[in-house]
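Numbering (this note's numbering), first residue to last: 8 to 138.
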């Protein structure tokens with residue numbers, strides 16, 4: 008789990024605010040599909056991180072946000088400093104209208120999850136034939 012996530016969770020607890028709802032967004036449909044998968048079905052590396060995130064966000068709701076509308080993703084697009092200074096997406100929240108039809112966690116497909124599933128060893132088949 009990224010250290011920033013742990014730090015943000017600690018910061019959230021220190022706020023001592025009574026929030027009625029916490030909504031989390033990710034532009035990674037693969038990560039969102041992992042979040043709806045029971046960790047014991049995933050490979051150890053992914054399962055450990057998913058289990059910890061699920062534990063820390065048990066009362067939160069996860070939603071998808073497209074990369075184009077994700078303020079956290081804007082700096083990874085090679086934006087110049089002047090473009091960043093003038094970017095409304097960076098300085099203001101995304102337009103709430105983009106969330107009217109956002110994909111809830113339940114609607115995220117399982118693309119990319121299956122390769123992280125634990126795969127049981129193949130069963131051996133023995134055939135005996137009597138003469």
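Using N, Cα and C, we set each Cβ at its ideal position, and we do this for glycine too.
Exercise. Just curious, the beta strand (DSSP E) that residue 68 is in, first and last residue?
Worked result: What you label residue 68 is simply residue 61 of the chain shown in a count that begins at 1. Note, residue 68: beta strand (DSSP E), 68-71.
Problem set entry | For residue 86, the three-state DSSP class (helix, strand or coil) | Residue mapping note: residue 86 aligns to position 79 of the chain shown, counting from 1. Of the three classes helix, strand and coil, the one that applies to residue 86 here is coil, per DSSP.
Exercise. Between 57, 66 and 90, which lies nearest to residue 44 when the distance is taken from Cα to Cα?
Worked result: If you number the chain shown from 1, residue 44 lands on position 37. Residue 57 is the option with its Cα nearest to residue 44.
Exercise. Excluding five sequence neighbours on each side, which residues of the same chain lie with their C-beta closer than 6 Å to the C-beta of residue 98?
Worked result: As a working note, residue 98 is residue 91 in the chain shown. Excluding sequence neighbours, residue 98 sits near nothing in its chain.
For this session: Please list, in chain order, all residues of the same chain as residue 61 whose beta carbon is under 8 Å from its beta carbon, the five residues on each side excluded.
Result: One-based indexing of the chain shown puts residue 61 at position 54. Here the set comprises 42 and 46.
Exercise. In terms of residues, what are the limits of the alpha helix (DSSP H) holding residue 31?
Worked result: Within the chain shown, numbered from 1, the residue matching residue 31 stands at position 24. Element bounds for residue 31: not the alpha helix (DSSP H) but the beta strand (DSSP E), 30-33.
Problem set entry | residue 49 - DSSP class collapsed to helix/strand/coil | As a working mapping, residue 49 is identified with position 42 in the chain shown. In this structure, residue 49 counts as strand in the three-state DSSP scheme.
For this session: Label residue 72 either buried or exposed according to how many other C-beta atoms from any shown protein chain fall within 10 Å of its C-beta, with 16 as the threshold for buried.
Result: Here residue 72 refers to the residue found at position 65 of the chain shown. With 16 or more Cβ atoms within 10 Å of its Cβ, residue 72 is classed as buried.
Exercise. Do you know whose CA, among 63, 67 and 94, lies nearest residue 141's CA?
Worked result: Because the chain spans 8 through 138 in this model, residue 141 falls outside it and cannot be assessed.
For this session: With hydrogens ignored, establish whether the beta-carbon of residue 24 is closer than 7 Å to any heavy atom of the ligand HEM.
Result: With respect to the ligand HEM, the structure shown offers nothing to examine, as it has no ligands at all.
For this session: Answer with buried or exposed for residue 39, where buried requires no fewer than 16 other C-beta atoms within 10 angstroms of its C-beta.
Result: The sequence position of residue 39 within the chain shown is 32, counting from 1. Residue 39 should be labelled buried.
Problem set entry | Local conformation of residue 42 per DSSP, three classes | Start at 1 with the first residue of the chain shown, and residue 42 comes out as number 35. In the structure shown, residue 42 sits in a helix (DSSP, three-state: H, G or I).
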